[in-house]
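Working notes, beginning with the structure itself.
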Amino acid sequence: MVRPLPGHLALKDFNARKAVAANEILRRAYLFIVRNETIDPKVRSAAMLKLNAFPRATRPGVVKNRCTETGRAAGVFSEFGLCRHRFKLAATAGDIPGVSKASW
């Protein structure tokens with residue numbers, strides 16, 4: 002069976018994940034400065050401006066769980082990174098260790 006390529010949204014999400022991981026420490030440092038009320042307001046506002054200057058893709062809220070094989074956004078098992086359809090196919094084929102189809 003031919004595996005479809007992930008769509009452009011899956012690639013966009015992949016790039017966003019890389020950007021979030023690359024800028025996470027700096028973003029958290031700026032957030033700490035912005036939220037700390039004991040620091041001088043001028044320093045806090047400067048930190049807020051630098052935080053707002055980050056690209057949109059570096060915000061953690063942009064990242065969405067998507068299927069790693071198809072790019073589907075709905076019905077994704079985050080533990081396996083697969084949508085429910087691909088999860089069922091992989092489980093019945095025995096590609097996922099410890100997972101088998103239930104029968105009763």
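For the sequence shown, the residue numbers in our numbering are 2 to 105.
We treat Cβ as the ideally placed atom computed from N, Cα and C, and that holds for glycine.
Check your understanding: Can you tell me where the alpha helix (DSSP H) with Ala-92 in it begins and where it stops?
Key -> As a working mapping, residue 92 is identified with position 91 in the sequence shown. From DSSP, the alpha helix (DSSP H) with Ala-92 extends over 85 to 94.
Review point. Looking at the unbroken alpha helix (DSSP H) that takes in Arg-36, where does it start and where does it end?
Key: In the sequence shown, the residue the question calls residue 36 occupies position 35. Residues 9 to 36.
Practice item. Decide if Arg-36 is buried, meaning its Cβ has at least 16 other Cβ atoms within 10 Å, or exposed. Key: On the sequence shown, position 35 is the one that residue 36 refers to. Under this definition Arg-36 is an exposed residue.
Review point. Does the beta-carbon distance from Ala-48 to Ile-26 come in below 8 Å?
Key: On the sequence shown, position 47 is the one that residue 48 refers to. On the sequence shown, position 25 is the one that residue 26 refers to. It is not a contact, given that the beta carbons lie outside the stated cut-off.
Check your understanding: For the 8 Å Cβ check, are there 3 or more pairs between the segment 14 to 31 and the segment 41 to 60?
Key -> yes
Review point. What is the DSSP secondary structure of Val-64, reduced to helix, strand or coil?
Key: Translated into the one-based positions of the sequence shown, residue 64 becomes position 63. Coil at Val-64, not helix or strand.
Review point. Whose C-beta lies closer than 6 Å to the C-beta of Arg-85 among residues of the same chain, with five residues either side of it excluded?
Key: Taking the first residue of the sequence shown as 1, we reach residue 85 at position 84. So the list reads Gly-76, once near-sequence residues are dropped.
Review point. Does the beta-carbon distance from Arg-28 to Thr-71 come in below 8 Å?
Key: Locating residue 28 in the sequence shown gives position 27, counting from the first residue. Locating residue 71 in the sequence shown gives position 70, counting from the first residue. No; because the gap between Cβ atoms is not below 8 Å, this pair is not in contact.
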